[in-house]
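Chains as they are written, first to last, in the working numbering: chain A, 1 to 389; chain B, 1001 to 1389.
Below, the structure is given as structure tokens:
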């Protein structure tokens, strides 16, 4: 396992953002695109460092083959964009939404694109905006694609983000006891992580900061995507499954563990071991050139051969980045090989009703010769039995 | 002014959700639609009470002319939907994203829609999903439209949501003093509101709960959509502008005030008065049948006649509902009249660089014969001068 890259907490330089734009332009040339239109706030953030939520006043980034990209922006938000964007931008402000005839975004937008040109659009572009986009439109998710391979700067930011969740998870395990409420845990652990974020990055943009901490107790840990009720309580025994996630000023990472309070049911020991070994098996395949579809298939086969195939309900892992869930995917049907500077979760899981869920997840960087785990928490069953006080 | 309707904190009944669906079906019939496709999580929540964030695993709601709607859902999330949806639904789970050929969402989805039928889609539908949608597609935002007029149940929930922000704003004003950090205020006030939410609604779904509290001090209150830095501090004098927003288990409302710490600059007194009177003027026009475009135009004219037209940077108000910003709009160019059970913000503003911003906002219900303010906070300049301790 390679050593962990150095953590970075500073904002991206203009050079970093220009390099990202260059990558996009290279793909535009390959696809012979004259324009690329970005509406996805995640993609806009990636290229500009400006974060927004989608609401009724659209922000649209128009990238030409050369020169600074143009941002179509509500007048009200122009200075907001200026205060956060760290790349060169041209601005086309519009009056308001809605606006008097001739001054709406859709009155101005089509004029910014020359007719009869080839225009790349995101598959997530709303049809209502696509409809107003002139030219020969081609769906091409080239910013999403570029985001799959992290720059060294992004890796450094993710290393730092993992320090936040590592601290959060450490504190989480300390407070786990039967009877502890979901809400108390959420409040305390997200508070600890938020404090660390603003201490380390006093200028953090809260539009791209998010912290989550929760525990699924054994009565519903077999159901990993249910949202726990606020007053759910931890129970004796297990398996409990923790989730600690943070988006740290734009960089999303996660760490999750299966743990027990006091005793471990006999049956759970076996399943824990299968999960643990499936995970080890997944890690053993993590190196550049390996097929991500094959890794998932092999891990599923490993669990299936032990007799628990029907209790697999999700893929082995997913990409991490600005969001917590994004490409690439360790998933059957995802025909792509691992490459250095991919950042992924590794989290094969087994979910058995009336027994519980078994899953560890880590944030893992693919390196030139293998991988390095950026998140850190206890892994063995022995370490994950918490004595009842 | 009519009296405030009674607050409601209980979950919607199946009858409430069926009535919403009936409204949609009525519009489908008017538009001769055989299907309506909803992907917007806000619209899906409106019809089902199930809340999700958009990520790479799509949830798609397919509404036919009769029978229960069908939800295309990732296998992993089926029980999550079941645990929250309060209407009848049929489920079509898909394996995973990505998935082996034949088992992806886009392999299953087109089969759920009969060929050659008329299919209504949202203008926000991603082009990548639209592309996979068979039939003769027509953009028709009929759920967004239905949401403009609140049901009595929604009104009751919004009355309760306003109790949360009213409490938050009251506590906010108590802690405003020069030197107080943005972050301390945010932590304390969102904590107070969150505690009230979970006390009043122990089963609240955190996917649709959000609280925000912030103050724009005079050095940047002229710029209402900038995001304050975490360690920004309140200052002597003013105008400061507060924002208190909450989405309370699915119901979003806001209250905002212009206030001063200690002294009021002479110039600010005049502008405050103009803003105050512009607001009074707006309220005087709030009754069913009034044109929303005209109200905005008249309020803008009022401010312009006083010499401050160039400092108007946004419309007079916007709709409130599941989100904090949605139709209808008190905005020039929005050609629709006020109707009973619309819920809107009323917030004409004046923003002068080197002086500051002037805006009060309230959450206001349109009634049969006028309006009722659901949010409550001090309004006069006298009440909004906070003595320095």
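For every residue, glycine included, the Cβ atom is placed at its ideal position computed from N, Cα and C. Quick caveat, the model's predicted, so the values are computed rather than measured.
How many angstroms separate the CA atom of residue i from the CA atom of residue j?
i	j	result
residue 1134(B)	residue 1277(B)	53 Å
residue 1075(B)	residue 291(A)	24 Å
residue 1376(B)	residue 1256(B)	10 Å
residue 1190(B)	residue 254(A)	25 Å
residue 203(A)	residue 1195(B)	28 Å
residue 357(A)	residue 113(A)	52 Å
residue 23(A)	residue 142(A)	9 Å
residue 295(A)	residue 1318(B)	50 Å
residue 1104(B)	residue 145(A)	20 Å
residue 1308(B)	residue 1301(B)	10 Å
residue 1201(B)	residue 1343(B)	22 Å
residue 1079(B)	residue 92(A)	46 Å
residue 49(A)	residue 13(A)	10 Å
residue 205(A)	residue 310(A)	43 Å
residue 1063(B)	residue 1025(B)	8 Å
residue 1340(B)	residue 1279(B)	20 Å
residue 1338(B)	residue 56(A)	19 Å
residue 316(A)	residue 1242(B)	46 Å
residue 274(A)	residue 237(A)	19 Å
residue 1250(B)	residue 1366(B)	20 Å
residue 1211(B)	residue 1082(B)	26 Å
Can you pull the chain A neighbours of residue i, defined as C-beta to C-beta under 8 Å?
i	result
residue 1204(B)	230
Anything in chain B within Cβ reach of residue i, meaning under 7 Å, just list it in chain order.
i	result
residue 100(A)	1332 and 1333
residue 79(A)	1223 and 1226
Any idea which residues DSSP pairs residue i with across the strands?
i	result
residue 260(A)	385(A)
residue 1035(B)	1064(B) and 1119(B)
residue 1252(B)	1247(B)
residue 1390(B)	With chain B running from 1001 to 1389 in the structure shown, residue 1390(B) is simply not present.
residue 343(A)	365(A)
residue 74(A)	94(A)
residue 126(A)	1126(B)
residue 1181(B)	1233(B)
residue 291(A)	337(A)
On the premise that residue j lies in contact with residue i, defined as a C-beta separation below 8 Å, what is that separation, rounded to the nearest angstrom?
i	j	result
residue 33(A)	residue 118(A)	5 Å
residue 1120(B)	residue 1140(B)	4 Å
residue 86(A)	residue 47(A)	At roughly 10 Å, the Cβ-Cβ gap does not stay under 8 Å, so residue 86(A) and residue 47(A) are not in contact.
residue 1041(B)	residue 1031(B)	About 23 Å separates the two Cβ atoms, so there is no contact after all.
residue 1245(B)	residue 1324(B)	6 Å
residue 286(A)	residue 370(A)	6 Å
By the three-class DSSP mapping on this structure, what secondary structure does residue i have?
i	result
residue 60(A)	strand
residue 187(A)	helix
residue 1166(B)	helix
residue 1358(B)	strand
residue 1095(B)	coil
residue 374(A)	coil
residue 365(A)	strand
residue 1349(B)	strand
residue 1238(B)	strand
residue 139(A)	strand
residue 213(A)	strand
residue 1314(B)	coil
residue 1337(B)	strand
residue 225(A)	coil
residue 101(A)	coil
residue 272(A)	helix
residue 88(A)	coil
Residue i versus chain A: which residues are under 9 Å apart at the beta carbon?
i	result
residue 1314(B)	74, 75, 76 and 96
residue 1288(B)	Here the premise fails: no neighbours, minimum Cβ distance about 20 Å.
Who are the neighbours of residue i on chain A, taking C-beta pairs under 7 Å?
i	result
residue 1134(B)	Those do not exist, as residue 1134(B) stays about 15 Å from chain A at its closest Cβ, beyond 7 Å.
residue 1265(B)	Chain A residues near residue 1265(B): none, gap ~22 Å exceeds 7 Å.
residue 1083(B)	226
residue 1329(B)	98
In chain B, what lies closer than 9 Å to residue i by C-beta?
i	result
residue 3(A)	Ordered by position in chain B, no residue passes the 9 Å Cβ test against residue 3(A), which lies about 31 Å from the chain.
residue 128(A)	1122, 1123, 1124, 1125, 1139 and 1141
residue 55(A)	1323, 1324, 1325 and 1326
Relative to the ligand SAM, is the shortest distance from any of its heavy atoms to the C-beta of residue i smaller than 7 Å?
i	result
residue 1337(B)	For the structure depicted, the ligand SAM is absent and the ligand set is empty, with no information on it obtainable.
By the criterion of Cβ-Cβ separation under 8 Å, what are the contact partners of residue i in chain B?
i	result
residue 104(A)	1333
residue 183(A)	1198
residue 207(A)	1227
State yes or no: is the beta carbon of residue i nearer than 8 Å to at least one beta carbon in chain C?
i	result
residue 1203(B)	Structure shown: chain C not included; protein chains present are A and B.
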